[in-house]
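A.B. asks: First the structure, then my questions, so here it is.
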Amino acid sequence: MTMKRTKHVLKLMLLCMAMAVITNCNSDDDSTVEEEIVNEEEQPETPRIFMIPVTHHISRTDDGNNPATDAARIAKVMEDINRNYLDANIQFRTEEIRFLDNTAWNEQFEKDDDFGEDRALLEFEDPNTLNLFYFFRIGDTEEGEVNSTVTATAHFPGEGNNVKLTPSAFALDNFTTTTHEIGHYFGLFHIDDDFVDDQGRTELVDGSNCILTGDGICDTPASPVLDDTLVGDDCNYIGTLTDANGEQYTPDLTNYMSSLSIDDSFRIACRRNFSPQQIEAMVVSIRVDRPYLIGEPFCQFIDFVTEYETINSNTGGAPFTDQAPVDIEEEAPIAGEEEEEDMSNIGFAFIDFDFNNENCESVIISQDFLNLGCFNGDDITAVMTFTPENPESNQGTVAIVPTNFDCLSESGAQTLTYTIEATGTYDIETRIINLNYTLTLNGTAETGTLLINPLDDDEFIEEEFEGEEGEEGEEGEEGEEGEDL
Ligand SMILES: [Zn+2]
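For the numbering used here, count along the sequence shown from 1 and bump the result up by 11.
Structure below.
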């Protein structure tokens, strides 16, 4: 249960890293880069606006009475979310307003009936839109009994395609709950969500473990578990709680993903912004998790969004001269100790979509994937283009056109410029890519094979998130806290 959620955090984190890679993937020479910058100044690029279609579902009785809301209120909800998501370049338009006639559901819809295998609302949804359901009450089950209600609840990516609201969520004076829920729908967690790192620590104020903890987003400050007593008159934090290092928290209570829906003393909603990295993560989630919302084809290469081990048949490494040669003197194995695996030709790679490629036919590989010993892995990228055997095939050929990359020595004093070119095969089922490459340095070419294997996700996650199990319970699976506001 926790696994699903942690997996998601991990994915977000990988995607964020990949986005960072993509934004500075200048494998061309400097003159091209300069040219691009000049052009950008002349003609500022218009940011892409994601227009999300929305299907609204109003709960009524079997005979079409007692609607949970009306078109005017739906228009107000749409106004709110469009205003709140404007800075994120995400906008919403009403595709259709439908009615959901079911007397039992009109009295109370059970949240759990729409999570997991047989989701009750799936058959009513428009699969190509965000589905907003308006109910009077949403019951929450704890220990097998429906004993509380929630204001609103959202499906995280991978859980389903809707957000459910009750009247207090779409009240005239509530401007933020739907925004907050859609944040979850696009994969965001609460700023005070309590993921812990491998040492069992929650997010530290200094940000040093921010990728694995808190909400998994680094530009939202660490936050203790929030409650009303910690908030001052103008949405400022007035608590004195400290983190594991003894540093005082300074959470941002104006973030839409704060779990507190509160107003300041002037009755202005505290929640009023997303952080830049939250926005980035939502955009990635739209493109990767919910491409159907923007009319883009489901990208089969989605399975390549993860971490890989690369096994390189050449073991030479970069011939740097400004550092001591690696000590290859081997010690005799001590009896009883396991002999260490030879890692000398194993590298590490991130593989992710090429977000500049609208046709979903290529992915970017980054890091020191040839295990050359480059210390600037983040700057090394190459685009792999995939050609399936036929349109339905999970297998096909893959190619890297000649691509230059700079390899930096540990001291940073020496740069070697390589050219890589490769062709090979891929298999989406096994997520294995096999490449025959030619690597050229100063006019000298050498050939080799590069085997790209996925690291075992679960193994990796268990290692990273050890100790977390049990803290989150059912909520991880369901994607929403019972008292969400
Ligand atoms: Zn929430």
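Glycine included, each C-beta is placed from N, C-alpha and C at the ideal position.
1. Around the C-beta of T80, are 16 or more other C-beta atoms found within 10 angstroms, so that it is buried, or is it exposed?
2. Using alpha carbons as the reference points, say which of P399, Q406, L461, I391 lies closest to N415.
3. H201: beta carbon under 7 angstroms from a heavy atom of ligand 1?
4. Which residues bound the beta strand (DSSP E) around A86?
5. Please return the same chain residues whose Cβ sits closer than 7 angstroms to the Cβ of I101, not counting the five positions on each side in sequence.
6. Please determine if the segment 294-306 and the segment 159-175 are in contact, where contact requires at least 3 C-beta pairs separated by less than 8 angstroms.
7. Using the C-alpha atoms, what's the distance from E432 back to T189?
8. Going by C-alpha to C-alpha distance, which of G384, D226, E192, G198 sits closest to F206?
9. What distance in whole Å lies between the Cβ atoms of S234 and I273, which are believed to be in contact at a cut-off of 8 angstroms?
10. Report the CB separation of I69 from F110 in whole angstroms; it is logged as a contact under 8 angstroms.
11. Our contact map puts H67 next to I108 with C-beta atoms below 8 angstroms; I'd like the distance itself, whole angstroms only.
12. Below 8 angstroms, how does it come out for the segment 433-443 and the segment 394-408: are there three or more Cβ pairs, yes or no?
13. Whole angstroms are fine: how far does the CA of H195 sit from the CA of R130?
14. Taking one C-beta from the segment 211-219 and one from the segment 255-268 each time, how about it: are there three or more such pairs within less than 8 angstroms?
15. What number of angstroms, rounded off, separates the C-alpha of F147 from the C-alpha of L183?
16. What do you get for T164, buried or exposed, if any count of 16 or more other CB atoms within 10 angstroms of its CB means buried?
17. Under DSSP, the alpha helix (DSSP H) around S296 begins and ends at which residues?
18. Would you say S270 touches ligand 1, meaning its beta carbon is less than 7 angstroms from a heavy atom?
19. My understanding is that N113 touches T187, with C-beta atoms under 8 angstroms, so please give their C-beta distance in whole angstroms.
20. Could you give the distance in angstroms between the alpha-carbon of R212 and the alpha-carbon of T224?
21. CB M395 to CB S373, shorter than 8 angstroms?
C.D. replies: Taking the structure as given:
1. buried
2. I391
3. yes
4. Segment 82-95 is the alpha helix (DSSP H) holding A86; no beta strand (DSSP E) there.
5. F61, I63, M293
6. yes
7. 48 angstroms
8. D226
9. Rounded, the Cβ-Cβ distance is 14 angstroms, inconsistent with contact.
10. 5 angstroms
11. 5 angstroms
12. yes
13. 18 angstroms
14. yes
15. 15 angstroms
16. buried
17. 287-299
18. yes
19. That pair is no contact at about 29 angstroms.
20. 8 angstroms
21. yes
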